[in-house]
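Please read the structure below before turning to the comments.
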Amino acid sequence: MVVTPMGLRFMGRSFPYTLGRGGRTTAKREGDGATPVGAHGIVGCLYRPDRMARPCDWAVPILPGDLWSDDPRDEDYNLMVRAPYPHSHERLRRADPLYDLVLLTDWNWPRAERGRGSAIFIHRWRRPGYPTEGCVALDPSALRWITRRITFGTRLIVQS
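In the numbering used here, the protein residues as written are 859 to 1018.
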């Protein structure tokens, strides 16, 4: 899966996408809103079981209370955590559909370097062209199509 100026290429197809409000970067930092350049393995899939059927056999349901730690001072930085959680975090079970289906990359994972930026997800976009906080966002139908075809070793390559 390659992010190019002309689209996200995967299995002979090209899909429109959006990236972080901070553009692309080779020096990712927490909160910069940028999408890191490089090759990132796809290491997981999360989905909302109350909103969709399991999209692939390795998908993990997002349950009430599931969060993602984005606090560099916490020992669980850049990991999925559960509420109640006293540190800075992002709610995975959102009221909007943004995280109904999420592909997890190995950006700064599994042993996070503090402050280097928390998770880079591939998720659905708010609308075409609307930037993310650093993730890669796609049309929901494209995201579902890609998720069904990912295999072990699939990588997200973000070109500079």
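Beta carbons are placed, not taken as given, at the ideal position from N, Cα and C, and that holds for glycine.
For TRP926: DSSP bridge partner residues = MET938, GLU948
How is the beta strand (DSSP E) around ILE1004 delimited, first residue to last?
-> From DSSP, ILE1004 is part of no beta strand (DSSP E) but of the alpha helix (DSSP H) over 998–1007.
Who are the Cβ neighbours of PHE979 in its own chain at under 8 angstroms, not counting the five residues just before and after it?
-> TYR957, VAL960, LEU961, LEU962, THR963, CYS993, VAL994
Does the Cβ-Cβ distance between ILE1015 and ALA897 come in under 8 angstroms?
-> yes
Exposed or buried, which one is ALA911 when buried takes at least 16 other CB atoms within 10 Å?
-> exposed
When burial is assigned at 16 or more other CB atoms within 10 Å of the CB, is TRP916 buried or exposed?
-> exposed
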